[in-house]
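> Each step along the sequence shown adds one to the number in numbering that gives the first Met the number 0, with nothing skipped, and position 267 is 266. We treat Cβ as the ideally placed atom computed from N, Cα and C, and that holds for glycine. What you are looking at is a predicted structure, and each value in this text was computed from that prediction instead of being measured. Let me give you the structure first, and then I'll get to my questions.
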Amino acid sequence: MQGLDQGPKPKRLRRLLGGVIVVVVVVALAVVGSFQYLKTAMKPVNTSSHTRIEVKIPNGSTSKQIGKILASKKVIRSGMAFNYYLRRNNKSNLKAGYYEFTPAMTLDQITRKLQQGGANHPLNGNKVLVREGANIDSIAEVVAANTKFTQKEFIAAVTNKELIDQLAQRYPDLLGSAVKAKDVRYVLEGYLYPATYAVTKKTTLNDLIAQMVAKTNEVLAPYYQQIKDKKLTVQELLSLAALVEREGGAGKQDNERVAGVFLNRIDAGMPLQSDVAIQYALKTTKKNITYKDLKVNSPYNLYTNKGYGPGPIDNPSLRAVKAVLNPVDRDKKYLYFVANMKTGKVYFSKTYAEHQKITEKLAAANK
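Okay, structure coming up:
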């Protein structure tokens, strides 16, 4: 008769216990190793390096994608450690844009910067600033002063029919009425939106102009239906907005009132009689327009020609566009306005007699 089973033999028990100990040690080492890895991975890449590294974070990037981008640019040690840091510290709302980081920056510094938001254009390379109310000739000067391109090269590119046709096909809602306009100096006048544009070594003039037109389309896209509802073409809208940009004074309501005056005059069949349009016709920036100037033979002479004019005389801001779409005080029947050139205040009148009295009072200030 065999004896009762006495359980695992001591040798087997020792082997089993040894295996458990090995597993525990391995797990412990893995935990310690992971902790040490994260501790190291969350440190700056190089505390002694202050080399500036430009990084672009695209719109819609997740925190994981941002971590990968930063790691690939060697701004951080590990994308995984970066995301662990974000979760542990409850960090969120990282924004898109162009940034400059250094390898010496901590994760806290990098995260704060990402929460503040980046620039909307590359930080390195040249920049072209198109100011509100700048016309194409003045933009050509800015391009020549800040890039390798000349004024003549810019004008040649901006008037290139092939480029204009390509842009019109790409943005039919924006440029449909512009390409049909007659007697314009520049088809794209009014369509190069006021903003700062980056110019890198690879940027061509066509690229730069396309950026400007694309920006205009982006800004105006939410208003296309409203423009149609107002029974205006984009060309007519921008023609008025360009005048308002230069004539409208400093205040929002002044812009809206000036827009109302222009629309009242169009409804009444009166010429707009804009001095800034005369300046454009004469290619001059002089403030005081003479009676001789008012007789200049030009489609941009809005003293002798009725309507909106052939096209915009400058590149207006969204503020001026909104003023045309939302004019005020039209019911007051204002048909005239004049500004104090020193203070910027704009005075409005219903009759020419009232307008003349105010103009005479402002004569000294407007010399």
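1. Note down, in chain order, each residue of its chain lying with its Cβ closer than 7 Å to the Cβ of A258, except the 5 sequence neighbours on either side.
2. Report yes or no: do the region 69-76 and the region 42-58 share at least 3 C-beta pairs separated by less than 8 Å?
3. Just reading off the beta strand (DSSP E) that A167 is part of, what are its end residues?
4. Where DSSP assigns a beta bridge to K126, which residues make up the other side?
5. Keeping to the same chain, check which residues put their C-beta closer than 8 Å to that of Q210; ignore five residues upstream and five downstream.
6. Using the beta-carbon count (16 or more within 10 Å), is G343 buried or exposed?
7. Need the endpoints of the beta strand (DSSP E) that Y97 sits in, please.
8. Is it true that the CB of V157 sits closer than 8 Å to the CB of L187?
9. Taking 8 Å as the threshold, find out whether the region 344-361 comes into contact with the region 280-292 through three or more Cβ pairs.
10. For the candidate residues K126, N296, R111 and R264, whose alpha-carbon lies nearest to that of T202?
11. Cα separation between A27 and K38?
12. Would you tell me roughly how many angstroms separate the C-alpha atoms of E131 and A80, rounded to the nearest one?
13. For K294 and N58, what's the separation of their Cα atoms in angstroms?
14. May I ask you to report which of helix, strand or coil DSSP gives L28?
15. Taking A180 as the reference, which of I208, Y299 and A338 has the closest Cα?
16. When the Cα of R329 is compared with those of P102, A194, T149 and V260, which residue comes out closest?
17. Beta-carbon within less than 7 Å of S316's beta-carbon, same chain only, minus the 5 sequence neighbours each way: which residues are those?
So, from the listed chains and residues:
1. For the purposes of this step, residue 258 is taken as residue 259 along the sequence shown, with counting starting at 1. So the qualifying residues of the chain are L239, V243, A322, V323 and P326.
2. yes
3. The sequence position of residue 167 within the sequence shown is 168, counting from 1. Premise fails: A167 lies in the alpha helix (DSSP H), K160 to R169, not in any beta strand (DSSP E).
4. Indexing the sequence shown from 1 puts residue 126 at position 127. In the DSSP output, where bridge partners are listed per residue, K126 has A197.
5. The count along the sequence shown starts at 1 and reaches residue 210 at position 211. The residues are Y196.
6. Taking the sequence shown and counting its residues from 1, the one referred to as residue 343 is at position 344. Looking at its Cβ environment, which holds fewer than 16 other Cβ atoms inside 10 Å, G343 is exposed.
7. Taking the sequence shown and counting its residues from 1, the one referred to as residue 97 is at position 98. Residues G96 to F100.
8. On the sequence shown, position 188 is the one that residue 187 refers to. On the sequence shown, position 158 is the one that residue 157 refers to. Yes, the pair counts as a contact, with Cβ atoms nearer than the cut-off.
9. no
10. Along the sequence shown, read from residue 1 onward, the residue named residue 202 stands at position 203. Looking at the Cα atoms, K126 is the closest of the given residues.
11. The count along the sequence shown starts at 1 and reaches residue 27 at position 28. The count along the sequence shown starts at 1 and reaches residue 38 at position 39. Because A27 sits at a pLDDT of 49, beneath the cut-off of 50, its placement in the model cannot be relied upon, and the point is left open.
12. Here residue 131 refers to the residue found at position 132 when the sequence shown is read from its first residue. Here residue 80 refers to the residue found at position 81 when the sequence shown is read from its first residue. Looking at the two C-alpha atoms, the distance is approximately 45 Å.
13. The residue you call residue 294 lines up with position 295 of the sequence shown. The residue you call residue 58 lines up with position 59 of the sequence shown. Roughly 52 Å separates the two Cα atoms.
14. In the sequence shown, counting from the first residue as 1, residue 28 sits at position 29. Here L28 scores only 49 on pLDDT, less than 50, and its place in the model is too uncertain to base an answer on.
15. Here the question's residue 180 lines up with position 181 in the sequence shown. The candidate whose alpha carbon is nearest that of A180 is Y299.
16. The sequence position of residue 329 within the sequence shown is 330, counting from 1. Comparing Cα-Cα distances from R329 to each of P102, A194, T149 and V260, the minimum goes to V260.
17. Here residue 316 is taken as the residue at index 317 of the sequence shown, counted from 1. E131, P193 and E244, listed in sequence order.
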